[in-house]
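So the sequence lines, in the order shown, correspond to chains A and B.
Numbering (my numbering) for the first sequence: 32 to 213.
Numbering (my numbering) for the second sequence: 17 to 186.
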Amino acid sequence: MSLFQQWAFIVKEALDKSFLVAKFFCGVHVANTYLCSTALVQGPSMLPTFSLTNELVLLERISARNGKAGTGDVVILQSPENPRKFVTKRIIGMEGDKITYIMDPKNSDSTETVIVPKGHVWVQGDNIYNSYDSRNFGPVPYGLLQGKVFWRIWPTSAFGSIGRRPETVDPALKVLEQANQS
Amino acid sequence: MTSASFIWNVCKSSFTFGLIGLTVSDRFASVVPVRGLSMSPTFNPPNNSSSFRLFTDDHVLVEKRCLTDYKFSHGDVVVFCSPRNYKERQIKRITGMPGDWISVPFSYDAVKIPEGHCWVEGDNPADSLDSRSFGPIPLGLIRGRVTHILWPPQRVQKIDKKLPRSGLSF
């Protein structure tokens, strides 16, 4: 084969391989954005459902796009105060619901009542003593929701689904309790 | 036998094409038609033949690279999800950024735009449902920035950043 033919063969191979890599990245992007994705959650605002340390969860994007994310779901949303920050909270009320919440549980028992406007949701962390949520930044437009958290993959001691009610006991400790009882 | 493999090849190619097209339109740029008159005369300037609306709607280029760092400024025309109904997309111009004070029409009040929000208004204030009705919107609702008009061919142009006409801005 002449030098030109060899060179053309190598270029064609390189183009094919890079096209394959591009297709792979496009597939990953579409799956992450439209189907299912992973996320790292941390912070004290969702205790005891999520512990303080990093936890890896799976979130599905179909509910948020279809409008099926409802009361009780744990969701990841863009913070209304900083579009580059993502927060994990639980939906407490949908549009039209009347929400009575304790503004500042550490200091007083005073409550306030609000009706969630059209197209918005009210989110709160499970740990209301240490959570910056709709009680601070108000109801959140539905368009800010990114996805519903439905499964925890790390730590493996708490591997399992995320329910529609706040946990009362750290899920990682539940396994120890069962082991001690048996 | 050969028709089955032909159909299979067509399916594979269209699937690949769909994946790549979806990724490009999400991450780089896409083309959308502008419906309605809330941004006249920038988009859909008034003309007499309203029966050909479908073909004479302006089609614009929406770039998505701005969504990596959300650095917008006064005068940007943006596409965003309506805060009243997340399924609807609207196109308006940003006339206020966080920290600005906007005067509420027909009242002596002034509203300070909170952190992470912006004030959007249509260029045609008489026929525009915008922040004067639903208040400032979070920047996270923005889905892209309009840079050029691509259709009809006689209106191909770059969109300028026009400074706001109304509202106070300190």
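Note that beta-carbon positions come from the ideal geometry of N, C-alpha and C, so glycine has one too.
Keep in mind that this is a model prediction, so the values were computed, not measured.
A/Cys67 CB to nearest chain B CB: under 8 angstroms?
Answer no: the Cβ-Cβ gap between A/Cys67 and chain B never drops below 8 angstroms.
### Task
Counting only the same chain and skipping the five closest in sequence on each side, list residues whose C-beta sits under 6 angstroms from that of A/Tyr132.
So the qualifying residues of the chain are Arg166.
Contact list for A/Tyr173 against chain B, beta-carbon separation under 7 angstroms:
Contacts between A/Tyr173 and chain B, judged by CB atoms closer than 7 angstroms, involve Tyr102 in chain order.
Per the contact definition of three or more C-beta pairs closer than 8 angstroms, is the stretch 44-55 of chain B in contact with the stretch 71-80 of chain B?
-> The stretch 71-80 of chain B vs the stretch 44-55 of chain B: in contact.
- Would you please verify whether the beta carbon of B/Leu38 is less than 8 angstroms from any beta carbon of chain A? Contacts with chain A at 8 angstroms (Cβ-Cβ) include B/Leu38.
When you compare only the Cα positions, how much space is there between A/Gly124 and A/Tyr65?
Cα to Cα, the separation comes out at about 24 angstroms.
*Test item: CB-CB of B/Ser119 and B/Val136 under 8 angstroms*: It is not a contact, given that the beta carbons lie outside the stated cut-off.
CB contact check: A/Glu91 to chain B, cutoff 8 angstroms:
For A/Glu91, no CB of chain B lies under 8 angstroms from its own CB, so it is not counted at the interface with that chain.
Compute the distance between the beta-carbons of B/Pro121 and B/His133, then report whether it is under 8 angstroms.
No, the Cβ-Cβ distance between B/Pro121 and B/His133 is not below 8 angstroms.
Out of curiosity, what's the CA-to-CA distance linking A/Thr142 and B/Leu157? Rounded to whole angstroms, the gap between the alpha carbons of A/Thr142 and B/Leu157 is 30 angstroms.
I'd like the span of the beta strand (DSSP E) that includes B/Glu137, first residue to last. Element bounds for B/Glu137: His133 to Glu137.
- Item | Interface flag, B/Ile131 vs chain A, CB-CB below 8 angstroms | The amino acid occupying residue 131 of chain B in the given sequence is Glu; Ile does not appear at that position. Yes, B/Glu131 counts as interfacial toward chain A.
Next on the checklist: Output needed for B/Pro207: all residues of its chain with C-beta closer than 8 angstroms, excluding positions within five of it in sequence on either side, in chain order.
Outcome noted: What the structure shows of chain B is the stretch from 17 to 186, and residue 207 of chain B is not part of that stretch, so it cannot be assessed.
* **DSSP beta-bridge partners of B/Val47** => Looking at the DSSP assignment, B/Val47 forms a beta bridge with B/Leu77.
| Pair within 8 angstroms by beta-carbon distance, A/Lys179 and A/Glu91 | The answer is yes: Cβ separation under 8 angstroms.
query: Among B/Tyr124, B/Phe150 and B/Trp117, which residue has its Cα nearest to the Cα of B/Gln106?
result: Per the Cα distances, B/Phe150.
- Message: Checking 8 angstroms against the spacing of the C-beta atoms, do B/Asp42 and B/Lys80 come in under that value?
- Response: Yes, the Cβ-Cβ distance between B/Asp42 and B/Lys80 is below 8 angstroms.
Backbone CA spacing between B/Pro169 and B/Gly34 [nearest angstrom]: Approximately 27 angstroms between the Cα atoms of the pair.
query: Is any beta-carbon of chain B found at less than 8 angstroms from that of A/Lys54?
result: Look at A/Lys54: its C-beta is under 8 angstroms from a C-beta on chain B.
Between the stretch 108-125 of chain A and the stretch 168-187 of chain A, are three or more C-beta pairs nearer than 8 angstroms? Pairwise C-beta distances place the stretch 108-125 of chain A in contact with the stretch 168-187 of chain A, as three or more of them are shorter than 8 angstroms.
Note to self: Using a 10 Å radius around the Cβ and a threshold of 16 neighbouring Cβ atoms, would you call A/Pro114 buried or exposed?
What the structure shows: With 16 or more other Cβ atoms within 10 Å, it is buried.
**Item:** Contact set for A/Ser192: own chain, Cβ-Cβ below 7 angstroms, skip 5 residues either direction
**Value:** These residues qualify, in order along the chain: Phe181 and Trp182.
Query raised in the report: Does the separation of the CB atoms of B/Arg159 and B/Phe96 fall below 8 angstroms?
Result: Judged by their CB atoms, B/Arg159 and B/Phe96 are nearer to each other than the 8 angstroms cut-off.
Using a Cβ-Cβ distance under 8 angstroms, would A/Lys149 count as near chain B? Put simply, the CB of A/Lys149 is near chain B, with a gap under 8 angstroms to one of its CB atoms.
Review point. Which partner residues does A/Lys179 have in the DSSP bridge list?
Key: Per DSSP, A/Glu91 and A/Val106.
- Message: What I want to know is whether the C-beta of A/Asp47 ends up closer than 7 angstroms to one or more non-hydrogen atoms of the ligand MG.
- Response: The ligand MG is absent from the structure shown, which contains no ligand whatsoever.
Where the beta strand (DSSP E) through A/Gly124 begins and ends:
Its beta strand (DSSP E) spans residues Asn113 to Gly124.
**OP:** From the DSSP output, in three-state form, read off A/Thr84 for me.
**Re:** Looking at A/Thr84 - three-state DSSP - the assignment turns out to be coil, as it is neither helix nor strand.
Rounded to the nearest angstrom, how far is the Cβ of A/Val225 from that of A/Ile122, given a contact under 8 angstroms?
-> Outside the displayed span of chain A (32 to 213) sits residue 225 of chain A, for which this structure offers no information.
Q: Please report the residue range of the beta strand (DSSP E) in which B/His164 lies.
A: B/His164: member of the beta strand (DSSP E) spanning Ile158 to Trp167, first to last residue.
Notebook entry, point to check: When the Cα atoms are used, what is the spatial distance from A/Phe56 to B/Cys27?
Noted result: Just so you know, the alpha carbons of A/Phe56 and B/Cys27 end up roughly 19 angstroms apart.
- Distance, B/Glu131 Cα to A/Tyr163 Cα: In this structure, the alpha-carbon of A/Tyr163 lies about 15 angstroms from that of B/Glu131.
| query | For B/Gly86, which residues in chain A fall below 8 angstroms Cβ to Cβ? | reply | One point to set straight first is that residue 86 of chain B is Tyr, not Gly, in the sequence displayed. In chain order: Pro114 and Arg115.
| message | If the criterion is Cβ atoms closer than 8 angstroms, does the pair A/Pro75 and A/Asn161 meet it? | response | Yes, these two residues count as a Cβ contact at 8 angstroms.
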